[in-house]
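Using this note's numbering, the first residue of the sequence shown is number 1030, and each one after it goes up by one.
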Amino acid sequence: MSTTSATDAEVLLKRQTADGVLILTLNDPATRNALGPALTDDLIQTIHDFSDNPDLRCLVLTGAGTAFCSGANVRGFKKRIEEAEKSGKEKAAAAKGEPAPGPWEALDPVYGARERGNQRMGPEIVRVLHNLQKPSIAAVNGAAYGLGCGIALACDLRVAGRAARFSEAFIRNGLIPADGSTWQLPKLIGMANTLWMQYTGDAVDGEQAARIGLVNEVVDDAKVLDRAIEIATRLAKGPIYAMGLIKQLVHQATQQDLAEHMALASRAQDLARKTQDHKEGVAAFLEKRSPKFTGR
């Protein structure tokens, strides 16, 4: 059984299963599910709501039609260039009377901007998925280009069809991947594969994505969503609080030495031992039955 919230006008379709899996479908086939403002805003807010809802335990993200997500809407790039040129001229005229930068800005502009809270941070949707404390799965049913590839990378797991196509397409427009994928991709597929994808923009199909470690599984195209939901249902029945701890440990491990990481892992284990899921897991083992985790 599942409940559906969808109309032909909606750019984001939402379906919730009885097992606590939320399935979000990007629904703008005319643009191959490009992330326009309406879709982006709805997606971010829905994921925030998912995060706060204790009855929802695992997220599946996919696309309508034959694409997962074609990325940002390129049709808006020309307008953005024109606006930037106009703004640049206005700023240049206004800057003539501005004071010299302070010591922070002069020494390290990025640090100064970050500490003052006005640093640009790239696409919010990537950070929302990266920081989500419940499991997330991208069911990549077709093209995942540019920011669409970045969104798939920001999910915890990826299931792809053989017709899936992953492309770091930014280079085609003279841009760089500012969506976090220069951080994500090397951890998944290594430096050489990352530079190849990001230098060329060439698409990687589902089979190749599985070989290089970009996706967890590749399946027949017709089975992508079903397989993602199957995995999500399994995870949703598990101790998702512990999974949230695992995710943070994995994220922080790349920036720590072993001693620092073991101290953090010990703290995480103390937290896990206090959960109802731990008590249930032990009881189920001793009683020779399957555990019934609640995520608490």
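Glycine included, each C-beta is placed from N, C-alpha and C at the ideal position.
When rounded, the separation of the alpha-carbon atoms in Tyr-1270 and Lys-1276 is 10 Å.
If you keep only unbroken beta strand (DSSP E) runs of at least 3 residues inside the segment 1058-1083, you get nothing at all.
Between Thr-1091 and Arg-1061, the gap from beta carbon to beta carbon reaches 9 Å or more.
Going by C-alpha positions, Gly-1242 is about 6 Å away from Ile-1218. For Ala-1173, the uninterrupted beta strand (DSSP E) segment begins and ends at 1172-1174.
According to the DSSP assignment, Glu-1246 belongs to the beta strand (DSSP E) that extends over 1246-1248. For Ile-1166, DSSP records a beta bridge to Val-1089, Leu-1186. Less than 9 Å divides the Cβ of Gly-1190 from the Cβ of Gly-1235.
Here Val-1233 is bridged, per DSSP, to Phe-1195.
Here DSSP, grouped into helix, strand and coil, assigns Leu-1161 to coil. Here Ala-1238 is buried: its Cβ has 16 or more other Cβ atoms, across all protein chains shown, within 10 Å. Boundaries around Phe-1314 are those of the alpha helix (DSSP H), 1305-1315, since no beta strand (DSSP E) includes it. The three-state reading of DSSP puts Ala-1129 in coil, since its state is none of H, G, I, E or B. Here Ile-1076 is buried, its C-beta having at least 16 other C-beta atoms within 10 Å. Contact between Gly-1065 and Gly-1151 is ruled out by a C-beta separation of about 17 Å, above the 8 Å threshold. According to the DSSP secondary-structure assignment, Val-1050 is paired through a beta bridge with Cys-1087. About 7 Å separates the CB atoms of Ala-1232 and Phe-1195; that is less than 8 Å, so the two are in contact.
As summarised for the segment 1239-1290, the continuous alpha helix (DSSP H) elements at least 4 residues long and confined to that stretch are 1253-1265, 1269-1282, given in chain order.
In the displayed model, Ala-1292 falls within a helix according to three-state DSSP.
When C-beta atoms of the segment 1040-1057 are compared with those of the segment 1127-1134, fewer than three pairs fall below 8 Å, so the two segments do not count as touching. If you check the CB distance, Leu-1293 and Leu-1278 come in under 9 Å. Comparing alpha carbon positions, the residue from Leu-1158, Ala-1192, Phe-1199, Ile-1200 closest to Leu-1186 is Leu-1158.
In this structure, DSSP gives Leu-1042 an extended state, which the three-state scheme calls strand. Here the alpha carbons of Asp-1306 and Glu-1259 stand approximately 21 Å from one another. Classified as exposed, Glu-1289 has fewer than 16 neighbouring CB atoms from the shown chains inside 10 Å of its CB. Just measuring C-alpha positions, the residue of Val-1248, Trp-1212, Leu-1042 sitting nearest Ala-1193 is Val-1248.
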